[in-house]
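Structure record follows, encoded as structure tokens.
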Amino acid sequence: MSGFVVGVGACRGVAGAEVSTLVAEVLAAAGVDPDRVTALATVDVRGREPALLAAAAELGVPLRCHPAAELAGVDVPHPSGMARERLGTPSVAEAAALLGAGHGARLLVPKRRSSPPDGQPAMATCALAGPAEPGRTR
Numbered sequence: 001m002s003g004f005v006v007g008v009g010a011c012r013g014v015a016g017a018e019v020s021t022l023v024a025e026v027l028a029a030a031g032v033d034p035d036r037v038t039a040l041a042t043v044d045v046r047g048r049e050p051a052l053l054a055a056a057a058e059l060g061v062p063l064r065c066h067p068a069a070e071l072a073g074v075d076v077p078h079p080s081g082m083a084r085e086r087l088g089t090p091s092v093a094e095a096a097a098l099l100g101a102g103h104g105a106r107l108l109v110p111k112r113r114s115s116p117p118d119g120q121p122a123m124a125t126c127a128l129a130g131p132a133e134p135g136r137t138r
């Protein structure tokens with residue numbers, strides 16, 4: 001088990017504040033201290049996105065990038081038609097979090113969209129996965 005992993009889906013050019021605020025909200029919702037996060041995870045085509053690199057650096061963890069085909073093989077509760085169309089996987093945030101957290105991981109916080117100011121469209125999603133409960137598998 002890799003511990004707590006934050007999965008992040010993002011559009012190109014997303015603002016760093018939008019991602020870091022969303023990550024903080026998701027961790028707070030789960031009651032998970034940021035020091036317990038072991039990685040930020042996303043799809044490989046977003047691996048050089050400045051906002052994601054900054055969020056990982058802020059947490060002091062690596063940004064783990066997964067190919068879309070690998071993410072597509074992860075069963076998630078909230079698939080996205082837009083992600084499937086644009087990236088080739090029905091999930092980035094939830095799938096990356098589950099994949100990064102290891103075998104038997106469970107979603108602690110399902111996918112959430114960011115809430116940018118001034119009514120702008122959301123450019124990021126985030127989910128949190130962690131170790132399975134004793135005696136339980138996904």
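Residue 86 in the UniProt record's numbering is what sits at position 86 of the sequence shown, and the numbering runs on without skipping anything. Idealized CB from N, CA, C, for every residue including glycine.
Check: Under a three-way DSSP split, which group does A68 fall into?
Finding: helix
Checklist line | For residue 172, the three-state DSSP class (helix, strand or coil) | finding: Examination of residue 172 is not possible in this model, given that the chain is present from 1 through 138 alone.
Checklist line | Status (buried if at least 16 other CB within 10 Å, exposed otherwise) for E85 | finding: exposed
Check: Thinking just about the alpha-carbon of each residue, which of G7, A30, S91, V23 is nearest to the one in L108?
Finding: That would be A30, whose Cα lies nearest to the Cα of L108.
Item checked: Whole runs of the beta strand (DSSP E) within the stretch 66-111, excluding any shorter than 3 residues -> none
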